[in-house]
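Working notes, structure below.
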Amino acid sequence: MDLVKDAETATSALTTMWTIRRFEEAVDDLFARGLMHGTMHLSIGQEAVPTGACLALREGDYITSTHRGHGHCIAKGAQLDRMMAELLAKETGYCRGRGGSMHIADVATGNLGANGIVAGGVPIAAGAGLAVKMRGQSHAVLSFFGDGAVNEGAWHEGVNLAAIWDLPVVFVCENNKYGMSMSVNRASKVDNLADRAAAYGIPGVTVDGNDPQEVHDAVDEAVERARAGNGPSLIEAVTYRWKGHSKSDKNLYRSREEIDSWREQDPITRFETAVLHQQTLTESELAACRDAARDAVRAAIRTANAAPDASADELLSAVYSGGKQ
Amino acid sequence: MTATTDTREITYAEAVREALGQAMESDDRVFLFGEDVGTYGGAFGVTGDLVHRFGEDRVRDTPISELGIVGAAVGAALAGMRPIVEIQFSDFTAQAMDQIVNQAAKIHFMLGGAAEVPMVLRAPGGSGTGAAAQHSQSLEAWFAHIPGLKVVMPATVADAKGLLLAAIDDPNPVVVLEHKLLYKQSGPAPQEATRTPLGKAAVRRTGTDLTIVATGVMVSRALEAAEQLAAEGITATVVDPRTLKPLDEQTIVDTVTATGRALLVQEAPRSGGFMSEVSAMLCDSPAFGYLRAPVRRLCGLDVPIPYAPQLERAAVPQVPDIVAEATKLVREW
Ligand SMILES: Cc1ncc(C[n+]2csc(CCOP(=O)(O)OP(=O)(O)O)c2C)c(N)n1
Ligand SMILES: [Mg+2]
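So the protein sequences, as listed, match chains A and B. Counting in our numbering, the first sequence runs from 20 upward without gaps. Counting in our numbering, the second sequence runs from 1128 upward without gaps.
In structure tokens, the structure reads:
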């Protein structure tokens, strides 16, 4: 799939990236104005990874996501108003206000959930892959996680299970250079995190995570491999988190120059430049993508604000399932 | 603990930091490590500038590897060091549970006393920050259930310092459960390295109508409730066990014997909670004969902590809940 040369795909990719950006800017603003509570992990600057990756997926495929999961959720096709409602602690939110930013899931689109536990989603992805395989389906499971996750035991156990059982899982590492304040170079001795794949006997590749095309190509190949029954792959997408880790971050562990140099690698600007250069889209078509994203986010905030607050009436009765079928 | 002339107001987080600094100054074997404890200064700002004072060797950032962190502390302790680890949220002790439960807690006993594991695990617990179900738990009962672990829950600034210093001195693994909502609270604490002995409860207030036993952030809520109750003509004794393991049963038994009523308040869910243990202990004790009312627990609901602020508040005891429960206990019995 050529994201840059095909007008429809380019429009879709660009709109997704802008939607993620605008959604998170809006959330950042709501938070700053005291209208949103809790904490927040923003993926501004990393939009190309979920966008490029999820374009390789189709209906029935699953993802597992992370604490920094708004982008994954949007790229997998979630409704913005229900996401916003969740963050605003509304009854109409994806989790009825029970989960918040770190637990947004959209099971209908195959998003098995953000996760407050680093690497928590990795073995879960293996398990979803196991279910797919045992049922003889051809779905793929895409597991997003950060560079920090690869040093958790759960990560190694999950990847190994997927490897030995040839599960249809694509492990996508968003290497944004830091796990909170811990730089990836201090946290690991390998040159590329994709090198870890060798330890599990699966393919591993490092790509430019600020280029949705590169991300897409790598994920697409891995997804095909997974669907064909040839097992999991590891993809490391190198990118950068512009904002602080969360609301308490004073950025003491990195320099302003470093942040600025990555801002110059803005995945959205780069993509816009590329599509203009290829004459796939015009300036006004680019503006239309931006506007569409802005309008969608504004509408989501309006809808969410109008919804009823989450209700404390059903706390105890919500803990156990009575069974769905 | 005696009040000293050099007592001043600092925050709970500063008190923890001061204890860490003083312990490292006085004993070369003491060092600390954990996620983001260095330059970042800790997720809640507790370790602060310690890395600048003691260097990256003794204030060591780790990858996100809780099991490895606690395991390395066990190993370093066995080999003669006095490690202190910070687990960023107490919820993530779940990742490290094997090393805490199967290793740290049991090694001294299993080896017939041939080795000891003098380590401290610090971790913040509790709700009230909108961090939802995986970042807000109160897990003290997990640890109190394991023979070999000592468990403390500092509820005041002075105890944040004093209990930690005592924990660092202790030759056993000690789990120190701090509370996120307390970190920014100020209170008096001595400048010098005064220990709060482990296993000794504090009677925070005395009254005649009932005894409220409370842990963690519930101690200050119980005191606030006691203040309001006093205006209604009900006077309460408030006991802060401070150490859950070993528990100062005597102080609890004595104060309940004196008032004849016990209200046990914890943030954690009721089922299998620590206050269930306190309740059973009271019913096994001579205080039973003096009870004028059933021993009552006021606990968090048996639910994961929700994100929405109004739901989060509803999930754990608040001051009005304590007032209402205490009033009922006194008026109805
Ligand atoms: C098991 C566990 N340990 C620690 C944390 C606290 N924490 C949340 S996110 C984070 C950093 C994660 O880094 P990375 O995986 O690189 O993801 P990024 O935040 O960079 O997107 C940490 C330490 C956690 N949520 N879960
Ligand atoms: Mg990272």
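Every residue gets a Cβ at the ideal spot worked out from N, C-alpha and C, and that includes glycine. All values reported here derive from a predicted model rather than from experimental measurement.
{"Item": "Specify, as a first and last residue, the run of the beta strand (DSSP E) that residue 204 of chain A falls within.", "Value": "Where residue 204 of chain A is concerned, there is no enclosing beta strand (DSSP E), although the alpha helix (DSSP H) it sits in stretches over 203-206."}
{"Item": "Under 9 Å, Cβ to Cβ, is there at least one residue of chain D near residue 1162 of chain B?", "Value": "The structure shown has no chain D; the protein chains it does contain are A and B."}
{"Item": "Rounded to whole angstroms, what's the CA-CA distance from residue 1446 of chain B to residue 1356 of chain B? Just pull it up for me.", "Value": "11 Å"}
{"Item": "Within 10 Å of its beta-carbon, does residue 1229 of chain B have 16 or more other beta-carbons around it, so buried, or fewer, so exposed?", "Value": "exposed"}
{"Item": "Answer yes or no: do residue 1140 of chain B and residue 1173 of chain B have a C-beta to C-beta separation smaller than 9 Å?", "Value": "yes"}
{"Item": "Assess contact between the region 141-160 of chain A and the region 169-188 of chain A, defined as three or more Cβ pairs (one per stretch) separated by less than 8 Å. Is contact present?", "Value": "yes"}
{"Item": "Would you kindly work out how many angstroms separate the C-alpha atoms of residue 22 of chain A and residue 176 of chain A, rounded to a whole number?", "Value": "34 Å"}
{"Item": "Using C-beta distances below 7 Å, list every residue in its chain close to residue 1178 of chain B, excluding the 5 sequence neighbours before and after it, in chain order.", "Value": "1165, 1166 and 1186"}
{"Item": "When the Cβ atoms of the region 1258-1265 of chain B are set against those of the region 1180-1197 of chain B, are three or more pairs found closer than 8 Å?", "Value": "no"}
{"Item": "Could you tell me the distance, in whole angstroms, from the CA atom of residue 1208 of chain B to the CA atom of residue 1245 of chain B?", "Value": "8 Å"}
{"Item": "Output yes if chain A places a C-beta closer than 9 Å to the C-beta of residue 1201 of chain B; else output no.", "Value": "no"}
{"Item": "Between which two residues does the alpha helix (DSSP H) carrying residue 110 of chain A extend?", "Value": "Counting along the chain, residue 110 of chain A falls outside any alpha helix (DSSP H), and DSSP gives it neither H nor E."}
{"Item": "When you compare only the Cα positions, how much space is there between residue 1316 of chain B and residue 268 of chain A?", "Value": "28 Å"}
{"Item": "So, residue 1138 of chain B versus residue 1311 of chain B, is the Cβ gap smaller than 9 Å?", "Value": "yes"}
{"Item": "Would you check whether ligand 1 has a heavy atom nearer than 8 Å to the C-beta of residue 1222 of chain B?", "Value": "yes"}
{"Item": "According to the neighbour-count rule (16 or more other Cβ atoms, all chains shown, within 10 Å of its Cβ), is residue 1457 of chain B buried or exposed?", "Value": "buried"}
{"Item": "Where residue 1271 of chain B and residue 1401 of chain B are concerned, what is the direct C-alpha to C-alpha distance, given to the nearest angstrom?", "Value": "8 Å"}
{"Item": "To the nearest angstrom, how far is the alpha carbon of residue 92 of chain A from that of residue 1419 of chain B?", "Value": "56 Å"}
{"Item": "In chain order, what residues of the region 186-199 of chain A put their CB closer than 9 Å to some CB of chain B?", "Value": "198 and 199"}
{"Item": "Would a check of beta-carbon distances place residue 1262 of chain B closer than 9 Å to chain A?", "Value": "yes"}
{"Item": "Inspect the CB distances between the region 1344-1359 of chain B and the region 1372-1388 of chain B and report whether three or more fall short of 8 Å.", "Value": "no"}
{"Item": "Which same chain residues, not among the five before or five after residue 1437 of chain B, have their C-beta less than 8 Å away from its C-beta?", "Value": "none"}
{"Item": "Closer than 6 Å from C-beta to any heavy atom of ligand 2: which residues, in chain order?", "Value": "A:165, A:166, A:167, A:195, A:197 and A:198"}
{"Item": "Measure how close the beta-carbons of residue 1156 of chain B and residue 1213 of chain B come, nearest whole angstrom, since I'm counting them as under 8 Å.", "Value": "Between residue 1213 of chain B and residue 1156 of chain B the Cβ distance is about 18 Å, and since that is not below 8 Å, they are no contact."}
{"Item": "If you measure from the CB of residue 336 of chain A, is any heavy atom of ligand 1 nearer than 8 Å?", "Value": "no"}
{"Item": "Does the beta-carbon of residue 1225 of chain B have 16 or more other beta-carbons within 10 angstroms, so that it is buried, or is it exposed?", "Value": "exposed"}
{"Item": "Rounded to whole angstroms, what is the Cα-Cα separation between residue 270 of chain A and residue 1411 of chain B?", "Value": "54 Å"}
{"Item": "Counting only Cβ pairs nearer than 7 Å, list the residues of chain B close to residue 10 of chain A.", "Value": "The first residue shown for chain A is 20 and the last is 344, placing residue 10 of chain A beyond what the model contains."}
{"Item": "How is the alpha helix (DSSP H) around residue 325 of chain A delimited, first residue to last?", "Value": "302-325"}
{"Item": "List in chain order: all unbroken beta strand (DSSP E) runs of 3+ residues lying wholly within the region 43-96 of chain A.", "Value": "81-83"}
{"Item": "When the distance is taken between beta carbons, is residue 41 of chain A closer than 9 Å to residue 313 of chain A?", "Value": "yes"}
{"Item": "If you measure between the beta carbons of residue 59 of chain A and residue 106 of chain A, is that distance less than 9 Å?", "Value": "yes"}
{"Item": "Going by alpha carbons, who is nearest to residue 1283 of chain B out of B:1366, B:1232, B:1404 and B:1220?", "Value": "B:1366"}
{"Item": "Given a limit of 9 Å on CB to CB distance, which residues of the region 1390-1419 of chain B reach chain A?", "Value": "none"}
{"Item": "Buried or exposed for residue 1460 of chain B, going by 16 or more other Cβ atoms inside 10 Å?", "Value": "exposed"}
{"Item": "For a quick check, are the C-beta atoms of residue 66 of chain A and residue 88 of chain A less than 9 Å apart?", "Value": "no"}
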